[in-house]
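Below is one structure, written out as C-alpha cells; comments come after it.
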Amino acid sequence: MLINAECALLLWGFYRILSCDPGIFACDSSYLAEAGCKDFVEAIYTSERLPMLSRVRQCTWCKANIRGYDHHCPAFGTCIGQKNHRLFMALLTGFVVAESTYTMCSTKYITICISSGTIKSENPVSLNMVISTMLFSILQVLWQIVFLMWHIYCICFNIKTYELTGRNILSSR
Numbered sequence: 015m016l017i018n019a020e021c022a023l024l025l026w027g028f029y030r031i032l033s034c035d036p037g038i039f040a041c042d043s044s045y046l047a048e049a050g051c052k053d054f055v056e057a058i059y060t061s062e063r064l065p066m067l068s069r070v071r072q073c074t075w076c077k078a079n080i081r082g083y084d085h086h087c088p089a090f091g092t093c094i095g096q097k098n099h100r101l102f103m104a105l106l107t108g109f110v111v112a113e114s115t116y117t118m119c120s121t122k123y124i125t126i127c128i129s130s131g132t133i134k135s136e137n138p139v140s141l142n143m144v145i146s147t148m149l150f151s152i153l154q155v156l157w158q159i160v161f162l163m164w165h166i167y168c169i170c171f172n173i174k175t176y177e178l179t180g181r182n183i184l185s186s187r
C-alpha cells in the first residue's frame, strides 16, 4: 500500500514537472538596448549591467532562456529553473524513498522465501525477477543519494549546477 501511494505521488510530480514553467524568461529588445548588447547571450554574460539577468541562462538543449537555470534534466526532459527547482528536489527525494522502500520489501520477500523453504516450490522466474530488480534498485538508490547530496550542497552554498560545473565561463575563442 505504501509503495502504491509513493508511486502515485511520483507520477503526479512527474506530470507537474513536465507541465509547469521552469522560469522561462521572455527577452525583448528593450533589455538588450538597455544593456547595449547585440543578442541575449551577450547580455547574459555581461549581466553586471542588468542585475535582473544575473541568473538567467539559455539552455543549450531546448534553447529557452530560464530564470534561475540549474540544469537541463534529460530524465525529465525539461529544464530545472527557479520555478520548478523545489519540485525537482521533492521528486529526487521521492525516487530515493520509493526505491529504498522497494528494496526493503523485496529483501523481506526473499528472506521469507529462504526461511520458509519455499524457494524450491516458488516459481524461480518470479524469484529471479525480484532479486534482479532489487539489485537494480540498490544501484539506483546509490547514485541517486550521491546526486541528491550534490544538489543539497549546491542549495546550501547558493550555487547552481550550471555555475559549479564551469559551463558558464565564456570561451575566449
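Its first residue numbered 15, the sequence shown is counted upward by one per residue in the numbering used here. Using N, Cα and C, we set each Cβ at its ideal position, and we do this for glycine too.
Q. In terms of alpha-carbon separation, which member of L105, M148, C93, I80 lies closest to L162?
A. Here the closest residue by C-alpha is L105.
Q.
Between the alpha carbons of I169 and I159, how many angstroms are there, rounded?
A. C-alpha separation (whole angstroms): 15 Å.
Q: Find the nearest neighbour of R69 within the set I94, E113, T117, judged by alpha-carbon distance.
A: Nearest of I94, E113, T117 to R69, Cα basis: I94.
**Q.** Runs of alpha helix (DSSP H) lying entirely within the segment 82 to 167, each at least 4 residues, in chain order
**A.** Assignment of alpha helix (DSSP H) within the segment 82 to 167, counting only whole runs of 4 or more residues, yields 99 to 130 in chain order.
**Q.** S120 versus D35, T179, V144, L32, residue with shortest Cα-Cα distance
**A.** Checked all of D35, T179, V144, L32; the closest Cα to S120 is V144.
Q. Given that a residue counts as buried once 16 or more other Cβ atoms are within 10 Å of its Cβ, and exposed if not, what is K122?
A. With fewer than 16 Cβ atoms within 10 Å of its Cβ, K122 is classed as exposed.
Q | Contacts around T92, its chain only, beta-carbon distance under 7 Å, and the 5 residues preceding and following it disregarded | A | For T92, where only same-chain residues beyond five positions count, the Cβ hits under 7 Å are I31, L32, P36.
Q: Look at Y116 and S151 and say whether their C-beta atoms are less than 9 Å apart.
A: Yes, they are a contact pair.
Q. Got a sec? Which residues, its chain only, sit under 7 Å from C21 by beta carbon, not counting five neighbours each side?
A. Excluding sequence neighbours, C21 sits near A112.
(Q) Can you give me the C-alpha to C-alpha distance between H86 and L149, rounded to a whole angstrom? (A) The alpha-carbon atoms of H86 and L149 are separated by roughly 28 Å.
**Q.** Residue from M118, F102, P138 whose Cα sits closest to the Cα of A89
**A.** Comparing Cα positions, the closest option is F102.
Q: Using 10 angstroms around the beta-carbon of K174, count the other beta-carbons present and answer buried if the total reaches 16, otherwise exposed.
A: By the beta-carbon neighbour count (other beta carbons within 10 angstroms, threshold 16), K174 is buried.
**Q.** Neighbourhood of Y83 by C-beta, 6 Å cutoff - its chain only, sequence neighbours within 5 removed
**A.** Around Y83, the same chain offers R71, G95, Y176 as residues with beta carbons nearer than 6 Å, after the five sequence neighbours per side are excluded.
Q.
So for R30, helix, strand or coil by DSSP?
A. DSSP places R30 in the helix class (H, G or I) of the three-state scheme.
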